[in-house]
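> I'd like to ask you about the structure that follows.
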Amino acid sequence: MALSGEYKPSTWGWVNDHVETIEATGSTPSLDILGGAPVILLTTKGAQTGAVRKSPLMRVEHDGQYAAIASKGGDPKHPSWYFNLKAHPEAVLQDGTEVSDVVATEIEGDERDVWFQRGVEVYPPYAEYQKKTDRLIPVFLLAKRSL
Numbered sequence: 032m033a034l035s036g037e038y039k040p041s042t043w044g045w046v047n048d049h050v051e052t053i054e055a056t057g058s059t060p061s062l063d064i065l066g067g068a069p070v071i072l073l074t075t076k077g078a079q080t081g082a083v084r085k086s087p088l089m090r091v092e093h094d095g096q097y098a099a100i101a102s103k104g105g106d107p108k109h110p111s112w113y114f115n116l117k118a119h120p121e122a123v124l125q126d127g128t129e130v131s132d133v134v135a136t137e138i139e140g141d142e143r144d145v146w147f148q149r150g151v152e153v154y155p156p157y158a159e160y161q162k163k164t165d166r167l168i169p170v171f172l173l174a175k176r177s178l
């Protein structure tokens with residue numbers, strides 16, 4: 032259940048702090064960020080480097096399915112993990128202490144809108160992020176892989 036390759040920490044210090052907290056405690060609920068909203072840890076393979084990358088993301092879950100919302104706080108550019116999933120859709124998702132292999136698929140149209148709204152319900156600032164940017168914020172469905 033691990034991606035192969037060298038781990039390269041984020042260039043963003045706060046992301047590294049969150050990853051270190053999750054790894055030290057072994058669980059995502061140990062992380063108290065953004066008003067206590069729940070998070071997952073998504074491990075991807077770098078699109079350009081092939082290095083292992085780790086990103087704490089808001090936990091958007093419904094009936095055992097997960098989504099990843101590429102908001103980057105409403106920035107005009109996608110987060111780097113977006114490009115990682117486009118190049119290498121196989122990833123590892125940690126929710127609490129449960130770790131699963133997943134395959135990411137970018138969703139569009141009504142399906143995207145439903146999942147984006149679920150994200151807003153979990154983390155209301157997503158709505159403001161969408162208003163703040165000209166890009167349609169991408170949403171990935173993270174389907175658990177059966178072994």
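Count along the sequence shown starting at 1, add 31, and that's the number in our numbering.
Just so it is clear, CB atoms sit at the ideal spot from N, CA and C, and this is done for glycine as well.
Could you please give me the residues that DSSP links to Q125 through a beta bridge?
L72 and V130, per the DSSP bridge assignment.
> At a cut of 8 angstroms, does the stretch 94-103 reach the stretch 168-178 through at least three beta carbon pairs?
The stretch 94-103 vs the stretch 168-178: in contact.
> So, helix, strand or coil for Y38, using DSSP?
Looking at Y38 - three-state DSSP - the assignment turns out to be strand.
> I'd like the ranges of any beta strand (DSSP E) spanning at least 3 consecutive residues and lying wholly in the stretch 81-168.
Listed in chain order, the complete beta strand (DSSP E) runs (minimum 3 residues) inside the stretch 81-168 are 83-89, 91-93, 96-100, 121-126 and 129-138.
> For I138, I'd like the list of residues in its chain whose CB is within less than 6 angstroms of its CB, leaving aside the five on either flank, ordered along the chain.
So the list reads V170 and L172, once near-sequence residues are dropped.
> Please return the same chain residues whose Cβ sits closer than 6 angstroms to the Cβ of T56, not counting the five positions on each side in sequence.
Within the same chain, T56 has no close Cβ partners at all.
> Which residue marks the beginning of the alpha helix (DSSP H) containing A55, and which one marks its end?
G44 to T56 is the span of the alpha helix (DSSP H), which, as asked, contains A55.
> Measure the C-alpha to C-alpha separation of A118 and L73 and round it to an integer number of angstroms.
Spanning the two alpha carbons is a distance of roughly 15 angstroms.
> Going by beta carbon distance, what residues of the same chain come within less than 7 angstroms of V134, once the five residues before and after it are set aside?
Excluding sequence neighbours, V134 sits near P120, E121, A174 and R176.
> From which residue to which residue does the beta strand (DSSP E) around A78 run?
First-last for A78: undefined, no H or E at that position.
> Looking only at its own chain, which residues have a Cβ that is under 7 angstroms from the Cβ of D106, when we skip the five neighbours before and after it?
So the list reads T164, once near-sequence residues are dropped.
> Is Q125 buried or exposed, if buried means 16 or more other CB atoms sit within 10 Å of its CB?
Q125 comes out buried.
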